[in-house]
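A.B. asks: Below is the structure I would like to discuss, written out as structure tokens.
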Ligand SMILES: [Zn+2]
Ligand SMILES: [Zn+2]
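Take a look at the structure:
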């Protein structure tokens, strides 16, 4: 346990109920996302990028829609360095999407971010997952996707072009 989490006892960030970072009731209140294209954010079958949106064939896995208000609540936790809730949500999401095996078959990278705090969180989330260095697929993990250019840069920086590209992020802001 990190010191900061020792000082602030575990309670639901939405309703303040003590015991969990987000209680089951509040978690149910967050709407699950539909499969969308990571470039235009419009609906797309299985979350695959539309061919007219990018040359890259990316599968976009997303978790929940966040309202502005919810987004601010989560943002405050990132600034305080409290990441346990994001880790909990990541685990829930992987189970919900049934992509546990897919994750293991990927090299894992953090999603780039313009904010240092968010990037640190993304790095923490990506390190929490077990991938493999020799895998031909890549998975970028993070809190949310800020822009596709950052992802394109990561892909360009790789020694070999990946077989499949996946993005896994917790939130889509609406
Ligand atoms: Zn709650
Ligand atoms: Zn699109």
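Residue numbers (our numbering): 319 to 492. Think of the CB as a built atom: it goes at the ideal place given N, C-alpha and C, for glycine as much as any other residue.
Classify residue 478 as buried or exposed, calling it buried when 16 or more other Cβ atoms lie within 10 Å of its own Cβ.
C.D. replies: Along the chain shown, read from residue 1 onward, the residue named residue 478 stands at position 160. Exposed is the call here.
A.B. asks: Three-state secondary structure (DSSP) at residue 424?
C.D. replies: For this step, residue 424 is matched to residue 106 along the chain shown. Strand.
A.B. asks: Residue range of the alpha helix (DSSP H) that residue 443 falls in?
C.D. replies: Here residue 443 refers to the residue found at position 125 when the chain shown is read from its first residue. Where residue 443 is concerned, the enclosing alpha helix (DSSP H) stretches over 434-445.
A.B. asks: Locate the alpha helix (DSSP H) running through residue 468, then write down its first and last residues.
C.D. replies: As a first step, residue 468 is located in the chain shown; it is residue number 150 there, counting from the start. Taken as a continuous stretch (DSSP letters only), the alpha helix (DSSP H) holding residue 468 covers 466-474.
A.B. asks: Would you mind giving the Cβ-Cβ distance between residue 402 and residue 428, rounded to the nearest angstrom? I have them listed as a contact below 8 Å.
C.D. replies: As a working note, residue 402 is residue 84 in the chain shown. As a working note, residue 428 is residue 110 in the chain shown. In fact, because the Cβ distance is near 17 Å, the residues do not count as touching under 8 Å.
A.B. asks: Does the segment 416-423 come into contact with the segment 349-366, if we say contact requires no fewer than three beta-carbon pairs (one atom in each stretch) closer than 8 Å?
C.D. replies: No, they do not touch.
A.B. asks: Is residue 506 helix, strand or coil when you go by DSSP?
C.D. replies: A question about residue 506 goes unanswered here, because the residues of the chain that appear run from 319 up to 492.
A.B. asks: Please tell me whether, using a cut-off of 7 Å, the distance from the CB of residue 351 to the nearest non-hydrogen atom of ligand 2 is below it.
C.D. replies: By 1-based counting over the chain shown, the position of residue 351 is 33. Incorrect: residue 351 has no Cβ contact closer than 7 Å to ligand 2.
A.B. asks: Taking C-beta to C-beta, are residue 457 and residue 486 nearer than 8 Å?
C.D. replies: To locate residue 457, count along the chain shown from 1; it is residue 139. To locate residue 486, count along the chain shown from 1; it is residue 168. Taking 8 Å as the Cβ cut-off, residue 457 and residue 486 qualify as a contacting pair.
A.B. asks: Closer than 7 Å by C-beta to residue 382: which residues in its own chain qualify, once you throw out the five before and the five after it? Chain order, please.
C.D. replies: Looking up residue 382 in the chain shown gives position 64. Around residue 382: 348, 349, 350, 351, 488 and 489.
A.B. asks: Taking 5 Å as the limit, tell me which residues put their C-beta closer than that to any heavy atom of ligand 2, in chain order.
C.D. replies: This criterion selects 355, 357, 358, 368 and 371.
A.B. asks: Quick check: the segment 326-333 against the segment 363-377, are there 3 or more CB pairs under 8 Å?
C.D. replies: With the cut-off at 8 Å, the segment 326-333 and the segment 363-377 do not touch.
A.B. asks: Within a Cβ cutoff of 6 Å, which residues of the same chain sit near residue 484, ignoring the five residues on either side of it in sequence?
C.D. replies: Counting from 1 along the chain shown, the entry for residue 484 is found at position 166. 377 and 457.
A.B. asks: For residue 453, which residues of its own chain have a beta-carbon under 6 Å away from its beta-carbon, when the five flanking residues on both sides are left out?
C.D. replies: If you number the chain shown from 1, residue 453 lands on position 135. Closer than 6 Å at Cβ, skipping near neighbours: 423, 424 and 425.
A.B. asks: How is the beta strand (DSSP E) around residue 376 delimited, first residue to last?
C.D. replies: Against the chain shown, residue 376 aligns to sequence position 58. Where residue 376 is concerned, the enclosing beta strand (DSSP E) stretches over 376-384.
A.B. asks: If contacts are defined as beta-carbon pairs under 8 Å, then residue 415 and residue 379 qualify, I think. What distance do you get, rounded to the angstrom?
C.D. replies: Within the chain shown, numbered from 1, the residue matching residue 415 stands at position 97. Within the chain shown, numbered from 1, the residue matching residue 379 stands at position 61. With 8 Å as the limit, residue 415 and residue 379 qualify as a contact, their Cβ atoms being about 6 Å apart.
A.B. asks: Going by the beta-carbon positions, is the gap between residue 476 and residue 446 smaller than 8 Å?
C.D. replies: Against the chain shown, residue 476 aligns to sequence position 158. Against the chain shown, residue 446 aligns to sequence position 128. Going by C-beta atoms, residue 476 is not nearer than 8 Å to residue 446.
A.B. asks: Following the continuous alpha helix (DSSP H) through residue 347, name the residue where it begins and the one where it ends.
C.D. replies: Looking up residue 347 in the chain shown gives position 29. Where residue 347 is concerned, the enclosing alpha helix (DSSP H) stretches over 342-347.
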